[in-house]
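Okay, structure first, notes after.
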Ligand code: ADP
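Numbering (the working numbering), first residue to last: 50 to 450.
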C-alpha cells in the first residue's frame, strides 16, 4: 500500500509518500508561502535530484494538486498515477478529549475537528484545509487523522486539571492536553525495543527537544504527565516560546505596556525563549556557537534552557517514583552533544552516568549514551512522526477494508 502523509500548516504543507510494503519513503517535500506572492515548492524524490519551483499557489487545494503533479511527473515523479496512492494520513495538532487514538475521516470526525478550532486556532483550521484539499483532489481515497494530543489522553485527572475553578474546565475544556504525542509514543517504543524490553516494564522520560520542546513521563507504556498544556506554550523554555512563567506576569505586562491579547500571545510564543534571552537566535546551533565564542547572553540562554529541562526531568522522576530510561529526540535532542552532557552531568544523584565518547558520536541511528555502570539508560532515538502517521493510516484503513 502507498500512503501519502500530509502535515498542513496555515501557509505550508509538508508531505511524504510511503511504500508500506517496506516502509520506504518514495518522495518527500514542502510547499511554503501558500497564499503569498511567490510560493516555493521543494520536492525530494528518493534517488532522483531535488526539484525547487517558485510559483503562485493561493490555497491548499492547489498545493496538493501541485504535489500530486510532482509525484506523478515524467521526470521527477515516483509513481505512474495518483491511483497508486491508496490512503492519506494527516497530522492534526488538537484532538481535544474526543480523540484518544487516530481515526478514519468521516463527517463526524470532521465536525469534531471543527469544534476544536477554538483550542488550536492556528493549527486545526490548517489541518482541515489539508483534509478538504485532499478530498477535492482525490475523491473517495480514505483519509486518516493522527493527533498530537491522543497519546496523552491517558493522563490522570490530577495531572491534566489546572487548579482553577472547575467551571472553566466544565464550560471550556481548559485542561492539559500536551503535544508531540506521536513522537513521545514512537521513541518510547523504539527505546524499549532497543533495550529488548516491553514499555509495560519501564519508567521512561522522553525529551522531545526541537524548535518546540516537551517532556513526557511514560509509565507502563502510557503518558502520565507531559510538560505542554492547553497549548504548546507551557513547559520548557523553547526556541521562541517562554514555557512556564508566573501567570500573573501576563495581566501585569498587558497593563504596563498596554498590550492586546494578540500582542501578549505573540510576545510569549514568538519573541521569547532562547531568542529573547540570547538576543541572537532561536536556533540552538547559533546559541552553542555564541557560548563557545564567550557571548554572555548566549551562555545565559543555554544555561536557562538546560536548567529548566533538567528540573522537568527531575520532577517526572518524582511522578513515577523512579526512572529506567531517559530518551533524547528531535533536532536539539538528537544533535546537541553539549546539552545532553550538561543535563546528564546534573543527574548523577539518580545514578545517571554518561559515556562522553558515546555521547559525542554523530549518527542517525538509535544509540545508548550512558555508560555500562549507569543505573538509568540514557538513549538518543531519532524521532519519525511521519512514519507513525503512515503506520496508523495503514492499520486503520486495513481494518476497515
Ligand atoms: P521542529 O520542532 O520544527 O520539528 P526540529 O526537531 O527539526 O524542529 O529541531 C530544530 C532545531 O534543532 C533547530 O532550531 C536547532 O536549534 C536544532 N538543531 C539542529 N541541529 C543541531 C545541532 N547540530 N546542534 C544543536 N542543535 C541543533
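Glycine included, every Cβ here is placed at the ideal spot set by N, Cα and C.
As the structure is a computational prediction, the values presented were derived from the model and not from experiment.
Assignment of beta-bridge partners to residue 250 by DSSP yields no partner. Within its own chain, the residues whose Cβ lies closer than 8 Å to the Cβ of residue 283, once the five positions on either side in sequence are excluded, are 225, 276, 277, 292, 293, listed in chain order. Rounded to whole angstroms, the Cβ separation of residue 115 and residue 106 is 6 Å, and the two are in contact under 8 Å.
Residue 345 counts as exposed, since fewer than 16 other C-beta atoms from the protein chains shown sit within 10 angstroms of its C-beta. Here the C-alpha atom of residue 256 lies approximately 42 Å from the C-alpha atom of residue 123. Residue burial is scored here from C-beta neighbours: residue 356 has fewer than 16 other C-beta atoms within 10 angstroms and is therefore classed as exposed.
Check the Cα spacing between residue 232 and each of 108, 382, 208: the tightest is with 382. DSSP places residue 309 in the coil class of the three-state scheme, outside both helix and strand.
Taken through DSSP and simplified to helix, strand or coil, residue 89 comes out as strand. Those residues placing their Cβ nearer than 7 Å to any heavy atom of the ligand ADP are, following chain order, 259, 260, 261, 288, 331, 332, 333, 334, 337, 379, 380, 381, 384, 385. For the pair residue 433 and residue 235, the CB atoms are nearer than the 9 Å cut-off. Annotation: residue 436 is outside any beta strand (DSSP E); the continuous alpha helix (DSSP H) that includes it extends over 434 to 449. With a 10 Å radius around the Cβ and a threshold of 16 neighbouring Cβ atoms, residue 435 comes out buried. Counting only residues of its own chain and dropping the five nearest sequence neighbours on each side, residue 101 has a CB closer than 6 Å to the CB of 91.
Secondary structure note for residue 55: it is in no alpha helix (DSSP H), and the uninterrupted beta strand (DSSP E) holding it is 51 to 57. By the criterion of at least three beta-carbon pairs nearer than 8 Å, the segment 436 to 446 is in contact with the segment 132 to 139.
Residue 132 sits in a helix when the DSSP states are folded into three classes.
For the 9 Å CB-CB criterion, residue 287 and residue 260 form a contact. Minimum Cα-Cα distance from residue 267 among the listed residues 412, 430, 158, 248 corresponds to 248.
Here the C-alpha atom of residue 415 lies approximately 10 Å from the C-alpha atom of residue 378. For residue 427, the enclosing beta strand (DSSP E) starts and ends at 426 to 429. Secondary structure in the segment 223 to 282: the alpha helix (DSSP H) runs of 4 residues or longer, each lying completely within the stretch, are 230 to 243 in chain order. The Cβ atoms of residue 401 and residue 427 sit closer than 9 Å to each other. Its chain contains 223 as the residues whose beta carbon lies nearer than 6 Å to that of residue 217, once the 5 sequence neighbours on both sides are disregarded; these appear in chain order. Here residue 148 is buried. Its C-beta has 16 or more other C-beta atoms within 10 Å. When DSSP reads this structure, residue 376 sits in a beta bridge with 255, 428. Comparing alpha-carbon positions, the option among 186, 424, 279, 323 lying closest to residue 211 turns out to be 279.
Between the C-alpha atoms of residue 425 and residue 396 there is a straight-line separation of about 10 Å. Burial check for residue 171: the Cβ neighbour count within 10 Å stays below 16, so the residue is exposed. Secondary structure note for residue 67: its beta strand (DSSP E) is the uninterrupted segment 62 to 68. Note on residue 65: 16 or more other CB atoms within 10 angstroms of its CB, so buried under the neighbour-count rule.
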